[in-house]
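K.L.:
I have a structure I would like to understand better, so I am pasting it below and will then ask my questions one at a time.
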Amino acid sequence: EPEVTQTPSHQVTQMGQEVILRCVPISNHLYFYWYRQILGQKVEFLVSFYNNEISEKSEIFDDQFSVERPDGSNFTLKIRSTKLEDSAMYFCASREKRAGGGTDTQYFGPGTRLTVL
Amino acid sequence: DAKTTQPTSMDCAEGRAANLPCNHSTISGNEYVYWYRQIHSQGPQYIIHGLKNNETNEMASLIITEDRKSSTLILPHATLRDTAVYYCIVRVAWNTDKLIFGTGTRLQVFP
Chain E
-1 EPEVTQTPSH QVTQMGQEVI LRCVPISNHL YFYWYRQILG QKVEFLVSFY
49 NNEISEKSEI FDDQFSVERP DGSNFTLKIR STKLEDSAMY FCASREKRAG
99 GGTDTQYFGP GTRLTVL
Chain V
1111 DAKTTQPTSM DCAEGRAANL PCNHSTISGN EYVYWYRQIH SQGPQYIIHG
1161 LKNNETNEMA SLIITEDRKS STLILPHATL RDTAVYYCIV RVAWNTDKLI
1211 FGTGTRLQVF P
């Protein structure tokens, strides 16, 4: 069964460093998302991406964050200058575009645990 | 998005049916009910979704009341591996497609 994959599973970085989290969405999916979950808290939406541009972003997704689909398979989240409070699990998700509208399911990857020291 | 209310936690004996309720009394006519679960710190796993009719798949059944103000997720024969946090989410099909997670119900399946 196709699944969303994410690398690395765990990333440790120093405060102020740049990190890039990588995701490979399900191959025929066209909508891509990043969510995060700080330890013990809710899963929070960060950004959605379609047709090579951001569709929607939350207030968390400030100028320190960026997303990119550098090729036909990868979807990345970059944090330019990490802060301690960026420590969290980051989940990528994707969904297909169903012809004729209607709703489609988002499928999540296993996550990347980011630890900022 | 409509808000949902779920019990904080529930227990279920292994092999028995787990019935997880969700209240979404402010749901609009075009909002779908989605259920996801999260096992430990893994990525949320899709379970099932529905609009008006009851739905069943290989994982679970979803019962939506006629007025659509509440729903129940049923795991017919719970196993220890079903221990997880279960999230009930309502979402408009064509508006925003972000998922808004609440705190969910922590289901503990015991032997």
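Respectively, the protein sequence lines represent chains E and V.
Residue 83 in the numbering used here sits at position 85 of the first sequence, and the numbers go up by one each step.
Just so we're on the same page, the numbering used here is the position in the second sequence counted from 1, plus 1110.
We put the CB at the ideal spot given by N, CA and C, even for glycine.
On the criterion of 16 or more Cβ atoms from any shown chain inside 10 Å, does V/His1159 qualify as buried, or is it exposed?
P.N.:
Start at 1 with the first residue of the second sequence, and residue 1159 of chain V comes out as number 49. Answer is buried; the Cβ neighbour count reaches 16.
K.L.:
Which of helix, strand or coil does DSSP assign to V/Gln1161?
P.N.:
If you number the second sequence from 1, residue 1161 of chain V lands on position 51. This sequence places Leu at residue 1161 of chain V; Gln is not what is there. Three-state result, V/Leu1161: coil.
K.L.:
DSSP puts E/Thr3 in a beta bridge; with which residues?
P.N.:
On the first sequence, position 5 is the one that residue 3 of chain E refers to. Beta-bridge pairing links E/Thr3 to E/Val22.
K.L.:
Is V/Arg1201 helix, strand or coil by DSSP?
P.N.:
Start at 1 with the first residue of the second sequence, and residue 1201 of chain V comes out as number 91. The answer is strand: DSSP assigns V/Arg1201 an E or B state.
K.L.:
Give the straight-line distance between the Cα atoms of E/Ser56 and V/Thr1206, rounded to the nearest whole angstrom.
P.N.:
Working through the first sequence from its first residue, we reach residue 56 of chain E at position 58. Working through the second sequence from its first residue, we reach residue 1206 of chain V at position 96. If I take the Cα positions, the gap works out to 11 angstroms.
K.L.:
Kindly indicate which three-state DSSP category V/Leu1209 falls into: helix, strand or coil?
P.N.:
As a working mapping, residue 1209 of chain V is identified with position 99 in the second sequence. In this structure, DSSP gives V/Leu1209 a state outside helix and strand, which the three-state scheme calls coil.
K.L.:
If I follow the unbroken beta strand (DSSP E) through V/Arg1216, where does it start and stop?
P.N.:
Counting from one through the second sequence, the residue named residue 1216 of chain V turns up at place 106. That run of the beta strand (DSSP E) goes Thr1215 to Phe1220.
K.L.:
Here's the rule: buried if 16 or more other CB atoms are within 10 angstroms of the residue's CB, otherwise exposed. What is E/Lys81?
P.N.:
Position 83 of the first sequence holds residue 81 of chain E. E/Lys81 comes out exposed.
K.L.:
I believe E/Thr103 touches E/Tyr88 by the beta-carbon criterion, under 8 angstroms. Please report the beta-carbon distance rounded to the nearest angstrom.
P.N.:
Start at 1 with the first residue of the first sequence, and residue 103 of chain E comes out as number 105. Start at 1 with the first residue of the first sequence, and residue 88 of chain E comes out as number 90. In fact, because the Cβ distance is near 20 angstroms, the residues do not count as touching under 8 angstroms.
K.L.:
So what does DSSP say about E/Glu57, is it helix, strand or coil?
P.N.:
Residue numbering aside, residue 57 of chain E sits at position 59 when the first sequence is read from its first letter. Reduced to three states, the DSSP call for E/Glu57 is coil.
K.L.:
Roughly how many angstroms separate the alpha carbons of V/Ser1135 and V/Trp1145, rounded to a whole number?
P.N.:
By 1-based counting over the second sequence, the position of residue 1135 of chain V is 25. By 1-based counting over the second sequence, the position of residue 1145 of chain V is 35. Their Cα atoms are separated by approximately 16 angstroms.
K.L.:
Rounding to the nearest angstrom, what Cα-Cα distance links E/Ala86 and V/Thr1175 in this structure?
P.N.:
Taking the first sequence and counting its residues from 1, the one referred to as residue 86 of chain E is at position 88. Taking the second sequence and counting its residues from 1, the one referred to as residue 1175 of chain V is at position 65. Straight-line measurement puts the Cα of V/Thr1175 at about 37 angstroms from the Cα of E/Ala86.
K.L.:
Identify the contact partners of V/Gly1153 in chain E, using a Cβ-Cβ distance below 7 angstroms as the criterion.
P.N.:
Residue 1153 of chain V sits at position 43 when you count from the first residue of the second sequence. Chain E residues near V/Gly1153: Phe89, Phe106, Gly107, Pro108 and Gly109.
K.L.:
Under 8 angstroms, Cβ to Cβ, is there at least one residue of chain V near E/Lys95?
P.N.:
Within the first sequence, the letter at position 97 stands for residue 95 of chain E. Taking Cβ atoms only, chain V never reaches closer than 8 angstroms to E/Lys95, which makes this a no.
K.L.:
Give me whichever residues DSSP pairs with E/Thr110 in a beta bridge.
P.N.:
Walking along the first sequence from the start, residue 110 of chain E turns up at place 112. The partner list for E/Thr110 (beta bridge, DSSP) reads E/Tyr88.
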